[in-house]
Every structure is written in structure tokens, then in C-alpha cells.
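Accompanying notes for the structure given below.
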Amino acid sequence: MKLSQVNLYQLAMPLVTPFVTSYGVMKEKPFYLVEVVEENGQKGYGELEAFAVPDYTEETSETAYLILKHHLLPLLKGEDIQHPREIKERFSSIRGNEMAKAAVESAVWDLYGKCKHRSLASLLGGSRQIIDVGVSIGIQENTDTLLELVSKYVDAGYTRVKLKIKPGFDKEPIQAIREKYPTLVLMADANSAYTRSDIKLIKELDHYQLAMIEQPFGVRDFLDHAWLQKQVQTRICLDENIRSLSDVQLAVALGSCKAVNLKFSRVGGLTEALEIISYCDQEDLLVWCGGMLEAGVGRAHNLALASRSEFRFPGDISQTSRYFESDIVTSDFSFKEGKMSVPNGFGIGVAIDFKQVDKFLIQKETLLL
Ligand code: OSB
Ligand code: MG
């Protein structure tokens, strides 16, 4: 495949309700839809998932755009790409900037699927057609609102609930959910809001049969997480810490976690994600598919990846309508009773709805390769 052109659609999609985490509030999702075009006119799509503010990882939508345009795309100029796996190697001279890399890489995987008449799920080695999915619930004003939300999702059939927590909004809401739903698969995500000095509180969370506690400590704190994991029964799951396979290897060597939230966008692409999945499987480390409030394109990539059988725990892949009024793809991924189907058309298997893209468009830029 020879790429001839890349179109960047800068979009901003308002969220139906603000998403609140321990570190901030998100009211809209600004992102780029990346369209890679090969010499015969075939097109592939990826989403650039970096947020507006560098409070989850260092990248922002703006910095990732600059890296993509000035440093990543020039590396593909005139290159004949035999397989999307090669992209990781071609980008290896650029440090970090995983989300910028993943945006291009995932678009090339889609393009490759379309050229080869294969679904992305089958290219990635996925075998499941229908997968269990879970919701991630932001920090709520009070426990009543939270319980109402949880009951709505439980009624809809979601088989796993993840609750965002922070100091002051942790034990009480977890206890309230647990009392009402004794057997619900429940977990908490702190987005690094705690430190070693919170050990007493975290030990108390051991009493609520949480499936895991995600990212309690700092985003580079492998040692602190290892210290914590030794003292609690509940699995510690790492999210922000994991930017590459070697981060997972470090976590295993130190005993920093018993589970990994895998977002291909946070680890630089699907190729790195596949290596992480194999390694987790080999090490018996629970791995599951995380989310970045994706629109339809990123969601389709997630579903394809999550169709691999190694994902034995429901991911953060819920209905797009939880986050957005309408989507930029024509499919709604048919959600039914807590399960979603994996698209089986060529590539990501969903079509772009350009009327919708126009609706959210800030500007479009064409880059010739
Ligand atoms: O920590 O997993 C996280 C959303 C934005 C930033 C970080 C996280 C999240 C989520 C939402 O938990 C997952 C989703 O439903 O897309
Ligand atoms: Mg998380």
C-alpha cells in the first residue's frame, strides 16, 4: 500500500452529560478523525484520542496534531507499506506521543482490512462475535443520583460497573452500590488520586468485593503500586502507568498489579496492544479493553481488538449514546442486554456518516504524502 494523502478532520463533539473524574471535568470531546488514502483511492480511518487538557497523559489534541503532521506523516512519505505492523517500527525514532502514533496506525489497519477484504477483528486474531461490555460512571453529585444511574445501567443489562472515585467520594458510594447490588461486578477507578498515606482507606475498600481498583497511585509509580498490591486482597489494575509492553513487563517484575486496562491509543497502536495481550496471557495477568470516550471509529477499533479471546473481563466499551447525542458512523453497534456485536465488514466494518462529520467539523486539512 502506498499512501497518497491524509485528511485530518478536526471535530468537537459535545458530551450528553459532563464526565467527571478525580482530576477534572470534560464537557466535550475534541478530536481528529484521521483519513488515510492509498494510491487507488481506498480509505482507512482512525481517531486521535488525546484530550484537550494534558491531565490524563501528556498529550493533548493540539500537541498530537503537531506531532502527527510534522513528525509522523513525513516518515511514511513514499514508503510502500506491506502490513500495518510495520508502522510501529517506522515511528520508532519518535519518542512517546503514543496517541498520535495510534491514530495513524489504527487508520492504516482499517485501510489494510479494506484492501485485503478482511475484517479488522479477524486481522487482529479476534474470534468472538459478541462481547460483554461495561460502563464507566463519572463522579456524581450525590449517592442518590449515583444509585439511580447504576440501576439504569443494571436494568439495561450491563454486566460490569466501574465507578470513578476520589478522596471524599469513595467508600460511601461504593458501600451504597454494594448494599443494593451484592453480586454486581463492581470496580473503582481513582485516576491516580491517592498516595501511600491513604493506605487505611484503600484497605477498607477490600471489604466490598471489588473486581479491582484501577490506578490508585501516581501515573509513573510502579514501586508504590507494588507496595500497595502486597497489602490488599483486591486486584490493583494499572491504566495510566502502562504506555508500552515494557511497562507491563516492569509491572509484572515488581508485582505492581494483577490486571491491566489496555487502551491501544495509550500504548501507541494496535500492534503494541497485541504484544501486550500475548504477554498478559502468558503471565496470567488479567487484561481488558479500556476506553477513551471514543466516537464510532475508535469504538469500532476497540470492539475488533476486544473480540480476542484473551479479554476475559468486560471492557469500557459501552453504547456511544451514553456519551454523545449522535455518532459519526452509521452503525450503532447493536447493544443488547450488556453485550455488543463486533462489526464484521471489511476493516473496522462501519461507514463514516459525513453529514454527521460536517455537523461537528471545526476544520478539514489535507496533507499530501
Ligand atoms: O481512566 O479509564 C479511564 C475516560 C477518560 C479518561 C480516562 C478514563 C476514562 C474512562 C471512560 O473511564 C471509559 C469509556 O467509557 O470510554
Ligand atoms: Mg482508568
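Heads up, the sequence shown is in my numbering, so the first residue is -18 and it goes up one at a time. For glycine and all other residues, C-beta sits at the position ideal for the given N, C-alpha and C. Predicted, not measured: the structure shown is a model, and the values here were computed from it.
{"Check": "In the DSSP output, what is residue 343 paired with across the bridge?", "Outcome": "According to DSSP, residue 343 bridges with nothing at all."}
{"Check": "Starting from the C-beta of residue 72, find all residues in its chain whose C-beta is less than 7 Å away, skip the five residues before and the five after it, and write them out in chain order.", "Outcome": "53, 56, 82"}
{"Check": "Measure the C-alpha to C-alpha separation of residue 64 and residue 104 and round it to an integer number of angstroms.", "Outcome": "11 Å"}
{"Check": "Hey, would you say residue -10 sits closer than 8 Å to residue 204, going by beta carbons?", "Outcome": "no"}
{"Check": "Based on Cα-Cα distance, which residue from 157, 113, 107 lies nearest to residue 126?", "Outcome": "157"}
{"Check": "Please tell me whether residue 91 and residue -17 are closer than 8 Å, where the distance is taken between their beta carbons.", "Outcome": "no"}
{"Check": "Please enumerate, following chain order, all residues with a beta carbon closer than 6 Å to at least one heavy atom belonging to ligand 2.", "Outcome": "170, 172, 195, 196, 220, 242"}
{"Check": "Give me the Cα-Cα distance between residue 202 and residue 84, rounded to the nearest whole angstrom.", "Outcome": "27 Å"}
{"Check": "Among the residues of its own chain, which have a CB less than 8 Å from the CB of residue 69, if the five just before and after it don't count?", "Outcome": "82, 86, 249, 250, 252, 253"}
{"Check": "What residue from 243, 162, -4 has the CA that sits closest to residue 287's CA?", "Outcome": "243"}
{"Check": "Tell me which residue opens and which closes the beta strand (DSSP E) that residue 270 is part of.", "Outcome": "267 to 270"}
{"Check": "Who are residue 141's beta bridge partners in DSSP?", "Outcome": "166"}
{"Check": "Pull up the distance between the alpha-carbon of residue 13 and that of residue 238, whole angstroms please.", "Outcome": "33 Å"}
{"Check": "In terms of alpha-carbon separation, which member of 31, 89, -1 lies closest to residue 19?", "Outcome": "89"}
{"Check": "Say yes only if the C-beta of residue 39 is nearer than 7 Å to one or more non-hydrogen atoms of ligand 1, and no if none qualify.", "Outcome": "no"}
{"Check": "Does the beta-carbon of residue 271, which I'm using as the reference point, lie nearer than 7 Å to any heavy atom of ligand 1?", "Outcome": "yes"}
{"Check": "State the start and end residues of the unbroken alpha helix (DSSP H) segment that holds residue 351.", "Outcome": "In the structure displayed, the chain extends from -18 to 350; residue 351 sits before or after that span and is not available."}
{"Check": "Taking DSSP's pairing of strands, which residues face residue 240 in a bridge?", "Outcome": "218, 267"}
{"Check": "Give the single residue among 265, 280, 263, 264 whose Cα lies nearest to the Cα of residue 271.", "Outcome": "280"}
{"Check": "Using the rule of at least 16 other Cβ atoms within 10 Å of the residue's Cβ for burial, across every protein chain shown, is residue 98 buried or exposed?", "Outcome": "exposed"}
{"Check": "Is residue 113 helix, strand or coil when you go by DSSP?", "Outcome": "strand"}
{"Check": "Which residue or residues does DSSP assign as beta-bridge partners of residue 348?", "Outcome": "-13"}
{"Check": "For residue -3 and residue 59, what's the separation of their Cα atoms in angstroms?", "Outcome": "42 Å"}
{"Check": "Answer with buried or exposed for residue 196, where buried requires no fewer than 16 other C-beta atoms within 10 angstroms of its C-beta.", "Outcome": "buried"}
{"Check": "Taking contact to mean 3 or more Cβ pairs, one atom from each stretch, closer than 8 Å, check whether the stretch 36 to 50 and the stretch 20 to 28 are in contact.", "Outcome": "no"}
{"Check": "I need the straight-line Cα distance from residue 94 to residue 100, nearest angstrom please.", "Outcome": "6 Å"}
{"Check": "Just to check my reading of the structure: residue 276 and residue 309 have Cβ atoms closer than 8 Å, yes? What is that Cβ distance to the nearest angstrom?", "Outcome": "5 Å"}
{"Check": "Alpha carbon to alpha carbon, how far is residue 259 from residue 108?", "Outcome": "15 Å"}
{"Check": "List the residues that DSSP assigns as beta-bridge partners of residue 12.", "Outcome": "-8"}
{"Check": "In three-state DSSP terms, what is residue 34?", "Outcome": "coil"}
{"Check": "Less than 7 Å between the CB of residue 275 and some heavy atom of ligand 1, yes or no?", "Outcome": "yes"}
{"Check": "Quick check for students: name the residue ranges of the alpha helix (DSSP H) that lie wholly in the stretch 9 to 95, counting only runs of 4 or more.", "Outcome": "42 to 48, 67 to 71"}
{"Check": "Grouping DSSP H, G and I as helix and E and B as strand, with all else coil, what is residue 316?", "Outcome": "strand"}
{"Check": "By a C-beta neighbour count over all protein chains shown, 10 Å radius and 16 as the cutoff for buried, is residue -1 buried or exposed?", "Outcome": "exposed"}
{"Check": "Taking 6 Å as the limit between beta carbons, can you name the residues of its chain near residue 11, skipping five residues before and five after?", "Outcome": "-7, 33, 42"}
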